[in-house]
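Presented below is the structure to which this report refers.
In mature numbering (1 follows the signal peptide of the UniProt record, and there is no 0), the protein residues as written are -18 to -1, 1 to 409.
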């Protein structure tokens, strides 16, 4: 391996490292492209559900160990963490890939199509990498190989985080980024910054999309329990109708978005996805329940909306003679790209992909538990194109027909490798 001249590094400074991609890293990525695609196909064909990624974790750990990387397994149940020390001292950067699949039965006609069947929530279901986590794993495995073979270019330490249960742990279990953090994944050594990516079926191959600040939404699940007074359907004055109260609460929630939330700051959404109450057409029931989700991209707006939902559900129920309680369960925080880190690394994204292929995009109301890492350390999360050239439509994520073009993986490997070097080697 060619050793980097330390004096030249100190003389050139960080700017020189951000001018053009390292040609040796670019060549190394191109040399292993077929291997990365092969890993992706194998993982796609053998998907595993959240907190059950046993075979996937074993494959990852075996690969990292073969590279001489220090490996810890069974982190947050099935997670794998690798630590690679560069030849020179410096900061610590973490790179994260999620490794779980979804309870979706694949409908694609691919040679590496998933035929796996498992049980989810007590029901038999197919299992599929219907959100592209198979590509994330393969990209990070490739990045690990390139960096392990070029420790002479690294000033600092790289922590590879292969995280289970991004899609959510099974009921009654902990999991995902929150559990990895709880078990110390950002410590020993302490992480200074973290990078992550998500492939996107509707973004053309060769394209990177990003947004400073709020990028993906904080996701809350809420349950409103309404207490009324049961009575005959012909005599509503004899009771308190919780279904009528539920309708008023639903209407009131939407006024929080349309009349109280400053949507010029960021978008926000309140959705009631389930209403339950009553057993018969001519009985006004005693109770009703609403279940839904809140999506926010600004911390102050999130606080306002949750506070007002609480006040409104309790107040409206009381106004109509009943009572109500509301409980929130946080699924993700706001995926918030640190402004300074994003500005620092944007030249790297443009240099690797080409300036015309890096797009500033609007926020999405989807959620990502990468956000929990970003609450602890500065982070940058970006989107990688996975739509085949010439296509104008793509099947959405989390659907049986979801597809990713293999040609998108190479840019992912190049970008994650170069981000790591440019961040660690900056002065």
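Don't be surprised by glycine CBs; every beta carbon is placed ideally from N, CA and C.
Identify, in the order they occur along the chain, each residue of the same chain with its Cβ nearer than 6 Å to the Cβ of residue -10, setting aside the five sequence neighbours on each side.
Per-residue confidence for residue -10 stands at a pLDDT of 36, beneath the threshold of 50, marking its modelled position as unreliable; no derived number is given.
Less than 8 Å between C-beta atoms, sequence neighbours within five positions excluded: which residues of the same chain meet that for residue 393?
187, 188, 190, 334, 335, 366, 367
Which residues in the same chain as residue 177 place their Cβ atom closer than 6 Å to its Cβ, once the five residues preceding and following it in sequence are excluded?
77, 362, 401
Within a Cβ cutoff of 7 Å, which residues of the same chain sit near residue 140, ignoring the five residues on either side of it in sequence?
66, 75, 77, 129, 402
Just mark residue 56 as buried or exposed, buried being the case when its beta carbon has 16 or more other beta carbons within 10 Å.
Exposed, by the Cβ-count rule.
Can you have a look at residue 33 and say buried or exposed, based on whether 16 or more other CB atoms are within 10 angstroms of its CB?
buried
CB-CB length for residue 314 against residue 353, believed under 8 Å:
Their Cβ separation, rounded to whole angstroms, is 5 Å, which keeps residue 314 and residue 353 in contact under 8 Å.
With respect to the beta strand (DSSP E) encompassing residue 100, which residues constitute its N-terminal and C-terminal limits?
99 to 102
Can you tell me which of the three DSSP states residue 146 falls into?
Taken through DSSP and simplified to helix, strand or coil, residue 146 comes out as coil.
Given that a residue counts as buried once 16 or more other Cβ atoms are within 10 Å of its Cβ, and exposed if not, what is residue 267?
buried
Could you tell me which of 406, 68, 378, 166 sits nearest to residue 327, measuring between CA atoms?
406
Residue 22 and residue 117 - do their beta-carbons sit closer together than 8 Å?
yes
Since residue 180 sits in a beta bridge, which residues does DSSP pair it with?
365
State the beta-bridge partners of residue 211 as determined by DSSP.
222
Hey, could you find the ends of the beta strand (DSSP E) residue 76 is sitting in?
70 to 80
For a test of the three-state rule: what should DSSP assign to residue 299, helix, strand or coil?
helix
Go to residue 353, then tell me how far its alpha helix (DSSP H) extends in each direction, as first and last residue.
352 to 358
Near residue 7, what residues of its chain come up, given a Cβ to Cβ distance below 8 Å and the 5 sequence neighbours on each side ignored?
128, 132, 135, 396, 399, 400, 403
Using alpha carbons as the reference points, say which of 324, 24, 63 lies closest to residue 47.
63
Assigned exposure category for residue 245 - 16 Cβ within 10 Å defines buried
exposed
Determine the direct distance from the alpha carbon of residue 346 to that of residue 465, and round the result to whole angstroms.
Residue 465 lies beyond the residue range present for the chain, which begins at -18 and ends at 409; the question has no answer from this structure.
Return the CA-CA distance between residue 390 and residue 229, expressed in angstroms with no decimal places.
46 Å
Residue 409: buried (16+ other C-beta within 10 angstroms of its C-beta) or exposed?
exposed
From residue 203 to residue 236, what does the alpha carbon distance come to, in whole angstroms?
16 Å
Is the CB-CB distance between residue 115 and residue 88 below 8 Å?
no
8 Å Cβ cutoff met for residue 308 and residue 279
Cβ atoms of residue 308 and residue 279: not closer than 8 Å.
Buried or exposed for residue 17, going by 16 or more other Cβ atoms inside 10 Å?
Flag for residue 17 reads exposed.
Give me the Cα-Cα distance between residue 26 and residue 84, rounded to the nearest whole angstrom.
11 Å
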